[in-house]
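Numbering (our numbering), first residue to last: 25 to 187.
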């Protein structure tokens with residue numbers, strides 16, 4: 025998915041739609057939220073903004089991530105660091121603030137998502153992050169639907185397309 029999102033999809037959009045390829049943003053949910061963070065951190069010149077809903081923030085430190093990394097990257101720990109948002113942001117911050125929304129009633133929060141690890145890595149590197157812990161929200165549709173307008177406005181400001 026990484027090469028598809030960072031290389032193939034932008035070319036497809038540019039070739040088939042009236043889009044400005046110099047003004048891109050990226051967002052995602054859960055593993056896709058982590059993917060959005062990784063894509064932005066590894067390709068800062070490609071994206072003006074990044075946001076995530078309940079991302080897996082430190083996959084090298086949680087069961088879901090360990091399982092996925094083992095399947096896709098094998099046992100090479102150095103390869104895993106290139107796909108862990110908390111490791112990446114500690115090394116090199118993104119050029120703009122990052123927005124993350126996380127529900128406090130998300131059953132995956134403590135064991136799998138662990139946004140406090142990403143927040144600590146951001147602090148270490150001087151990265152501005154807005155981690156909004158949303159009381160009573162879980163991992164599902166209503167959570168995303170509720171805060172999607174905020175994320176769209178976040179990206180619109182960064183892209184210079186605010187109404």
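We treat Cβ as the ideally placed atom computed from N, Cα and C, and that holds for glycine.
Note that the coordinates shown come from a computational prediction; the quantities given were computed from them, not determined experimentally.
{"Item": "Candidates 84, 168, 70, 144: closest to residue 78 by CA position", "Value": "168"}
{"Item": "Per-residue burial, residue 165 [other beta carbons within 10 Å of its own, 16 or more giving buried]", "Value": "exposed"}
{"Item": "Cβ shell of residue 29 (< 8 Å), same chain only, five flanking positions each side left out", "Value": "50, 59, 63"}
{"Item": "For residue 143 and residue 184, the rounded distance between their alpha carbons", "Value": "26 Å"}
{"Item": "contact_flag[the region 36 to 44, the region 137 to 153] where n(CB pairs < 8 Å) is 3 or more", "Value": "no"}
{"Item": "Beta strand (DSSP E) runs contained entirely in the region 44 to 115, provided each spans 3 or more residues", "Value": "49 to 53, 73 to 77"}
{"Item": "Identified DSSP bridge partners for residue 127", "Value": "158"}
{"Item": "Exposure label - residue 173; buried when at least 16 CB within 10 Å", "Value": "exposed"}
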